[in-house]
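Asks: Pasting in a structure now, in C-alpha cells, and then I'll have a few things to ask.
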Amino acid sequence: MPNNKGTLQIRNLSKSFIVDNNPLQILNDINLTVHSGAFVTIVGSSGCGKTTLLRIMLGLENHYTGEALIDGKQIIGPGSDRGIVFQDHRLLPWLTVGENVAFGLDKLKRKEKKLLVDEHLKLVGLNGFESAYPSQLSGGMAQRVAIARALASKPEILLLDEPLGALDALTRMYMQQELERLWLLEKITMIMVTHDIDEAIYLSDKVVIMSSRPGVIKKIIDVPLSRPRDRASSDFTRIKAEILEEFHLGTEYPFAYAI
Amino acid sequence: MKRFAFNKKTKAILGVFAFPIVLIGLWQLFILAGFSSARFLPPPYKVLQKFVILFSEPTYSHHIAVSLQRVMIGFFIGTLAGFLFGLLMGLSKTAEKIFAPFFHAIRQVPMIGWIPLIIMWFGMNELPRVLIISVAAFYPITLNTFSGVRNVPREYLELASVYGFKGLTLIKKIIIPAALPSIATGISLGLAMSWSVLMVAEIFIQTALGVGTQIQRGRDRFDIALVIAGIITVGVLGYAMTVLVQKIVQAVERGRVISTEK
Amino acid sequence: MSKKFIQRLGLKDKLLALIVPLLVLAAWQGAVSQKLCSDLILTPPLTLLNTLVELAQSGDLTLNILASLKRVMIGFLLGGTSGFVLGILMALSPFLNSIFGPLIKALQQVPEFAWMPLIIMFLGIDESAKYFFVAIGAFYPMVLNTYQGVSGVPEKYHELARVFDYKSFRYLFKVIIPSALPSIITGIRLSLGLSWMFVVGAELFGSDSGVGYLMTWGRAVFQIDLVMAGLILVGVIGFAMNVLLEIAEKRFLLWREPVDGRPV
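Here it is, written out as C-alpha cells:
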C-alpha cells in the first residue's frame, strides 16, 4: 500500500479551536485511509468539521494531534502533491484563464508551461478560452478553470471543497459527470467534501459520513456500483436511504442538516 | 511572521501617548547629536516656550479667532450655496443638463490657480479670502447633495406619491432626509477643504491677522519656532474641527436611527 | 465622472450644456465692450485667445509648461514612490504600521500649504523646495490608497498563494500588487492631481518659470490676459493629465468586472 502514490492516512486525529477561552472540539479521533486512485467523499451537516479535515489534508491547518500522512509521510504545509479546488473558484481576476491555469507552474519554462496549460484547458473542455478573463466566464466554466489549475501541477491527490456548491442544479449534474470523466482519465486520488448526498453516491467509491459536535466519522459506506451510475436505479436509492438513515439517527433534530 | 502581542487597551494607550513622546524625543536627540543648529531647527522646549509666550498675549488667540471666523463664514456661504445648487441639479434633470457640464469643467481648475486672478479682481481683501474658502466648500457639498438627492430610493418616492406629497413637502419630508447621509459626507469634506484652503488664502493673500499669516511672519523673521508653533496650531485646530463635525454627523445619524425605529 | 457624463449627452443635451458657457462668454464680451469694466480687469475673450497664440509662438508657452511638468514629474515620482513603498510596508508589517500610521495621521492634519514657509526656510526658494512641496502633495493619497489596497487583499488570495507556494517578491508582484491595483491607481490619480495643484502653488510662491510664474508675472506687470491665460492652462493641463490616467487605468484594469456606478 505505501508504495502506491496518492495514499492518504489520517490516524487518531483531533483538533480543537479556542473560542472565548474555551477549547471547542472540532475533530475527534478521526481515522481514515484513502487508497491510491480512490474517489472518496466526505458528507456531513455544516459545522461537522469536514472542511477543517480537508484543510488539514491540504496543509493549511497545522495545529492538531494525531497524524496526517501522504504516502507514509507527515503533511507539512501545502505541497504540489496535492491540488485543491475551492467552493469559490478563487481564480485571480487580473490573470487570464491561461495565466490562472499556469499559476502553480511558475517554476517551469515558458514552453512547458504553455504545453501544460493547453493540455489541461482541453481536458476541461475550455480550449480557446486562454485569453479570456475570469469575469467573462459563467460559474461552471470558472470552476472548470479552477479544476484545470489544480490538475496542471500534476497532483497525486485532488482535494475538492464543495466545488459544485455554488452552481445551479443542472450545471451541477453536468459537472459531476465531468469530474467523473476527469477522475477516470487522470487516475489520481480524489477527496471531495460535499453536503449533497446524491453527488456523493454518484461520484465516490466510499462515502465518509461525519457528524458534528465534535466532528467524528460515524460510518464509511461503500458504493459498489458500476459506472456511469444511474441516479434513478434501485441500488442508488438504496444506498441513499442507508446514508440518510445515518443522519436521522445521528442528530437530535432529524432535519437540521437539510437547512 | 512574529507579531507584537500587546492587548487592545495597552495598544490604544501606546498609540495615543507613545508616538508624540517618541517623536519629540527623536527631535531632541537630533539636535543633541548636533545634526542641526538650534537656529535652524529649534529644540522642542523652545517651541513649547513659544506656545507659552504666544498664548500669554491676547494677540495669538485673536489670530486664531480671526482664522476660525474666516473659515466659518466661507464655509457657511459655500455650504448654503452648494446645498441649494446640488438640490436644484438633483431635482431637475434639465438644470443638471444646463449647469453640470460647466460646473465639472470649472472644477478641473485647481483652487490655487484662481488666486492671482481673484487678487487682481478684488485686491488683497477679506472678500477674496472668504470667496476662495467658500468655493472650496462649495464643490464637495454640491456634488454630494446632488448625488444624495438623485439617489433617493424609488420606493420612498412611490410612497410619497401614494400619500400625495408634492413640492416643498416632498423635498422636506422625503428627499432631504433620504439624502442626508450623503449631504453630511459633503459637509465634512467641505469643512476639510475650507480649512486647507484657509492656509492658501492667508499665505497668498496677505493680511495682518490669522494663523496662516503668523506662519508667514515666522518665515519673514526667520523665527522657526513660530513657524512650527503655527503649523502645530493649524494641525490641532483642523483635527478638532474634523472630530467635531464627525460627532455631529454621528449624532444626526443616531437620531435618525431612533426616529425610524419608533 | 465628467467625461462619462459628457459622452452620455445627446444632441439636445449638448445644446443645453452650451447655454451657461455661452452666457458667460456673452456677459464677458458685453462687459468689456460696453466698458462696464476696464480691460485691465477683464481681457476680452478674443484678446485672451490672441495672448495664448502669442505665448505659443514666442515659445514661452512650451517653456513654462515644460518647467511645470518637470517639477510635477519629479515631485510626483519622489512623493508617489515613497508613498507607494511605505503603503505596502505598512500594510504588510503591523510593526511598521504602528510606527508610521500615527505619524502620517498626525501630519495629515496640517493643511499642506502650511508647510510651505517651513520648507522654504529649510531648503531655500529654489527647485528642491518645489520638488519637496509637490512630493508632500503626492505622498498622502498614494500612501493611504496603497495601504488600503494591500491590506484589503482578500484572505482567499493569501491562502491561494500559500497553496501554490508563492513567497516574497513573487508573492508581492503576482498576487498582492495586482489585487491592490485598483486602489493604487486611484491613489496615483489623486496624487497626480494634487501634484499639479501644488506645483502651481509652489510657482506662485516664488519662481522664475512655470505656469504659476506666468500668472504671478502677469499680476506683477498688471497684464490680466497673462493671468487668465495661465488659469486656462492650469485647468486644461490638469484635465489632460486626468484623461491620460483614465485611459491608462482602462488598459491596466481590463480584467475588472464591470461594476455599475463605478466612478470614472
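Residue numbers (my numbering), protein chains in the order written: chain H, 299 to 557; chain Z, 1002 to 1263; chain G, 481 to 744. Even for Gly, the Cβ is constructed at its ideal location relative to N, Cα and C.
Specify the secondary structure class of G/Met695 as computed by DSSP and reduced to three states.
Replies: Helix.
Asks: In terms of alpha-carbon separation, which member of Z/Leu1055, Z/Phe1166, Z/Ser1189, Z/Gln1215 lies closest to Z/Ala1137?
Replies: Among Z/Leu1055, Z/Phe1166, Z/Ser1189, Z/Gln1215, the Cα nearest to that of Z/Ala1137 is on Z/Ser1189.
Asks: Could you tell me whether the Cβ atoms of G/Met596 and G/Phe613 are closer together than 8 Å?
Replies: In this structure, G/Phe613 lies closer than 8 Å to G/Met596 by Cβ.
Asks: Would you mind giving the Cβ-Cβ distance between H/Lys411 and H/Leu424, rounded to the nearest angstrom? I have them listed as a contact below 8 Å.
Replies: Their Cβ separation, rounded to whole angstroms, is 17 Å, which puts H/Lys411 and H/Leu424 out of contact at 8 Å.
Asks: Indicate whether at least one CB of chain G lies closer than 8 Å to the CB of H/Arg388.
Replies: True, the Cβ-Cβ gap to chain G drops below 8 Å.
Asks: Listing by chain order, which chain G residues have their CB less than 9 Å from the CB of H/Phe401?
Replies: Within 9 Å Cβ-Cβ: Leu640, Phe644, Tyr646, Lys654.
Asks: Under 8 Å by Cβ, that's how I've got Z/Phe1084 and Z/Ile1184 pegged, so tell me the actual separation to the nearest angstrom.
Replies: That pair is a contact at about 7 Å.
Asks: Between the C-alpha atoms of G/Ser608 and H/Pro453, what's the straight-line distance to the nearest angstrom?
Replies: Their backbone Cα atoms lie some 57 Å apart in a straight line.
Asks: Please name the residue in H/Gln307, H/Gly364, H/Leu330 whose C-alpha comes closest to that of H/Ser279.
Replies: For residue 279 of chain H there is no data in the structure shown, the boundaries of chain H being 299 and 557.
Asks: Using C-beta distances below 7 Å, list every residue in its chain close to H/Glu544, excluding the 5 sequence neighbours before and after it, in chain order.
Replies: Excluding positions up to five away in sequence, the list reads Ile507, Lys516, Lys517.
Asks: Might you give, ordered along the chain, the residues of its own chain that have their beta carbon closer than 7 Å to the beta carbon of G/Thr666, omitting 5 neighbours on each side?
Replies: Asn625.
Asks: With a threshold of 8 Å between beta-carbons, can G/Lys730 be considered close to chain H, or not?
Replies: No, G/Lys730 lies away from the interface with chain H (no Cβ there is under 8 Å from its Cβ).
Asks: Got a sec: is the Cβ-Cβ distance from H/Asp466 to anything in chain G below 8 Å?
Replies: Output row for H/Asp466: interface = no.
Asks: Please report the straight-line C-alpha distance between Z/Phe1104 and Z/Gly1091, rounded to a whole angstrom.
Replies: The alpha-carbon atoms of Z/Phe1104 and Z/Gly1091 are separated by roughly 14 Å.
Asks: Any residues in the segment 1207 to 1229 of chain Z with a beta carbon nearer than 8 Å to a beta carbon of chain G? Which ones, in chain order?
Replies: Those residues of the segment 1207 to 1229 of chain Z that come within reach of chain G (Cβ to Cβ, closer than 8 Å) are Gly1213, Ile1216, Gln1217, Gly1219, Arg1220, Phe1223, Ile1225, Val1228, Ile1229.
Asks: Should H/Gln441 be labelled buried (16 or more other beta-carbon atoms within 10 Å of its own) or exposed?
Replies: It is buried - the Cβ of H/Gln441 has at least 16 other Cβ atoms within 10 Å.
Asks: Hey, G/Ile521 and G/Ile704: beta-carbon distance below 8 Å or not?
Replies: Contact flag set, yes.
Asks: Which bits of chain G does Z/Gly1083 rub up against, with CB to CB less than 8 Å?
Replies: What Z/Gly1083 touches in chain G: nothing, since even the nearest Cβ is about 16 Å away.
Asks: Go through its chain and collect everything with a Cβ distance to G/Tyr611's Cβ below 8 Å, but skip five positions before and after it.
Replies: Only Arg551, Ile554, Gly555, Leu558 meet the Cβ criterion.
Asks: Of all the residues that make up the segment 1132 to 1154 of chain Z, which are near chain G by a beta-carbon distance shorter than 7 Å?
Replies: Answer set for the segment 1132 to 1154 of chain Z: empty.
Asks: Taking only beta carbons into account, state which residues of the segment 628 to 639 of chain G come closer than 8 Å to chain H, listed in chain order.
Replies: Within the segment 628 to 639 of chain G, the residues whose Cβ lies closer than 8 Å to some Cβ of chain H are Lys636, Tyr637, Glu639, listed in chain order.
Asks: Ignore the nearest five residues each way along the sequence and tell me which others in Z/His1064's own chain have a CB closer than 8 Å to its CB.
Replies: The residues are Leu1210, Gly1211, Val1212, Thr1214, Gln1215.
Asks: Strictly below 8 Å CB to CB, what residues from chain Z border G/Met601?
Replies: Simply Arg1220, Phe1223, Ile1225, Val1228.
Asks: Using alpha carbons as the reference points, say which of Z/Arg1151, Z/Ile1107, Z/Ile1119 lies closest to Z/Ile1206.
Replies: It is Z/Ile1119 whose Cα lies nearest to the Cα of Z/Ile1206.
Asks: Considering only residues of the same chain and omitting the five flanking positions on each side of G/Gly686, which have a CB-CB separation below 7 Å?
Replies: Counting only Cβ-Cβ distances below 7 Å, and skipping sequence neighbours, we find Ile605.
Asks: Going by the CB atoms, is the gap between Z/Gly1114 and G/Val680 shorter than 8 Å?
Replies: Yes, they are a contact pair.
Asks: G/Phe732 to H/Gly513, Cα distance in whole Å?
Replies: Their backbone Cα atoms lie some 46 Å apart in a straight line.
Asks: Does any residue of chain G bring its CB to less than 8 Å from the CB of Z/Val1246?
Replies: No, no contact with chain G.
Asks: Quick check on H/Asn425: does DSSP put it in helix, strand or coil?
Replies: Three-state DSSP puts H/Asn425 in coil, outside helix and strand.
Asks: What does H/Asp461 reach in chain G if we use C-beta pairs closer than 7 Å?
Replies: In the sequence as displayed, the identity of residue 461 of chain H is Pro instead of Asp. Within chain G, no residue comes near H/Pro461; the closest Cβ sits about 14 Å away, beyond 7 Å.
Asks: So with Cβ pairs under 8 Å, would you call G/Arg699 a contact of chain Z?
Replies: At least one chain Z Cβ lies under 8 Å of G/Arg699.
Asks: Of all the options Z/Gln1029, Z/Lys1174, Z/Glu1097, which has the alpha carbon lying nearest to the alpha carbon of Z/Tyr1046?
Replies: Among Z/Gln1029, Z/Lys1174, Z/Glu1097, the Cα nearest to that of Z/Tyr1046 is on Z/Gln1029.
Asks: Rounded to the nearest angstrom, what separates G/Ala507 and Z/Leu1069 at their Cα positions?
Replies: In a straight line, the C-alpha of G/Ala507 is about 35 Å away from that of Z/Leu1069.
Asks: Can you pull the chain G neighbours of H/Pro376, defined as C-beta to C-beta under 8 Å?
Replies: Result: Arg642, Val643, Phe644, Asp645.
Asks: What residue from H/Tyr431, H/Trp481, H/Ile374, H/Thr331 has the CA that sits closest to H/Trp392's CA?
Replies: Of H/Tyr431, H/Trp481, H/Ile374, H/Thr331, the residue nearest in Cα terms is H/Tyr431.
Asks: Could you check whether the Cβ of G/Ala594 sits closer than 8 Å to any Cβ belonging to chain Z?
Replies: Output row for G/Ala594: interface = yes.
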